[in-house]
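Heads up, the thing below is written out as structure tokens.
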Amino acid sequence: MAPSRKFFVGGNWKMNGRKANLGELITCLNSAKVPADTEVVCAPPTAYIDFARQKLDEREAGITEKVVFEQTKVIADNVKDWSKVVLAYEPVWAIGTGKTATPQQAQEVHEKLRGWLKTNVSDAVAQCTRIIYGGSVTGANCKELACQPDVDGFLVGGASLKPEFVDIINAKQ
Numbered sequence: 001m002a003p004s005r006k007f008f009v010g011g012n013w014k015m016n017g018r019k020a021n022l023g024e025l026i027t028c029l030n031s032a033k034v035p036a037d038t039e040v041v042c043a044p045p046t047a048y049i050d051f052a053r054q055k056l057d058e059r060e061a062g063i064t065e066k067v068v069f070e071q072t073k074v075i076a077d078n079v080k081d082w083s084k085v086v087l088a089y090e091p092v093w094a095i096g097t098g099k100t101a102t103p104q105q106a107q108e109v110h111e112k113l114r115g116w117l118k119t120n121v122s123d124a125v126a127q128c129t130r131i132i133y134g135g136s137v138t139g140a141n142c143k144e145l146a147c148q149p150d151v152d153g154f155l156v157g158g159a160s161l162k163p164e165f166v167d168i169i170n171a172k173q
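Residue 137 in the UniProt record's numbering is what sits at position 137 of the sequence shown, and the numbering runs on without skipping anything.
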């Protein structure tokens, strides 16, 4: 990860859970030490994060790049200020299915996506835009994912409603 890109962890909170459970989680998060080089956003608005989603049949057909690049072009055609954009690669086939993308698979797509930004937008945008991983991120796999040079953070689903969210926030430590 380039020094200019701050690590990002988004808790994709939905209207889930009981009030007591959410209160416990908020207490846990409030007492957690968040690294200075990590930005944490709970319930980020979709205007803040743009997605490049991929289905299992697209991955198996070997058209990952085509699918992700087409979606990213639509995003790029509409972005005026890249400093306000966080891109998320979301392999929907790895969400709640029991299948997971390996850290190497995530890195491969993120690296190619960054290369697309360099070629089609600019080198500066490629270097500064955060590309986060939105597959199944858990306390068990977050550290290995966070070590990948082009994975600039996570969009966390179900795990953002559990105490392990603190471990995910601290994945770079």
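Where is the CB? At the ideal position from N, CA and C, for every residue including glycine. Predicted, not measured: the structure shown is a model, and the values here were computed from it.
**With 16 other Cβ atoms within 10 Å as the buried cut-off, status of C147** = The residue given as residue 147 occupies position 147 in the sequence shown. Counting Cβ neighbours within 10 Å, C147 comes out exposed, since fewer than 16 surround it.
**Message:** If you reduce the DSSP assignment to three classes, tell me which class I63 lands in.
**Reply:** Position 63 of the sequence shown, counting from 1, holds the residue named residue 63. Correct three-state label for I63: coil.
**Request:** Check each candidate in L113, C142 and D123 and name the one with the smallest Cα separation from R53.
**Result:** In the sequence shown, counting from the first residue as 1, residue 53 sits at position 53. Comparing Cα-Cα distances from R53 to each of L113, C142 and D123, the minimum goes to L113.
**Message:** Just to confirm before moving on: does the CB-CB distance between G135 and A159 stay below 8 Å?
**Reply:** On the sequence shown, position 135 is the one that residue 135 refers to. On the sequence shown, position 159 is the one that residue 159 refers to. No, these two residues do not count as a Cβ contact at 8 Å.
**Item:** Own chain, CB closer than 6 Å to L56, minus 5 neighbours either side, in chain order
**Value:** Here the question's residue 56 lines up with position 56 in the sequence shown. Same-chain partners within the cutoff: W93.
**Item:** As assigned by DSSP and simplified to three states, the class of G157
**Value:** The residue you call residue 157 lines up with position 157 of the sequence shown. If DSSP states are grouped into helix, strand and coil, G157 belongs with coil.
**Message:** Please return the same chain residues whose Cβ sits closer than 7 Å to the Cβ of V125, not counting the five positions on each side in sequence.
**Reply:** The residue you call residue 125 lines up with position 125 of the sequence shown. Closer than 7 Å at Cβ, skipping near neighbours: W82 and L117.
**Cut-off 6 Å between Cβ atoms - residues of its own chain near C128, not counting five sequence neighbours on either side** = Position 128 of the sequence shown, counting from 1, holds the residue named residue 128. Taken in chain order, the residues that qualify are S4.
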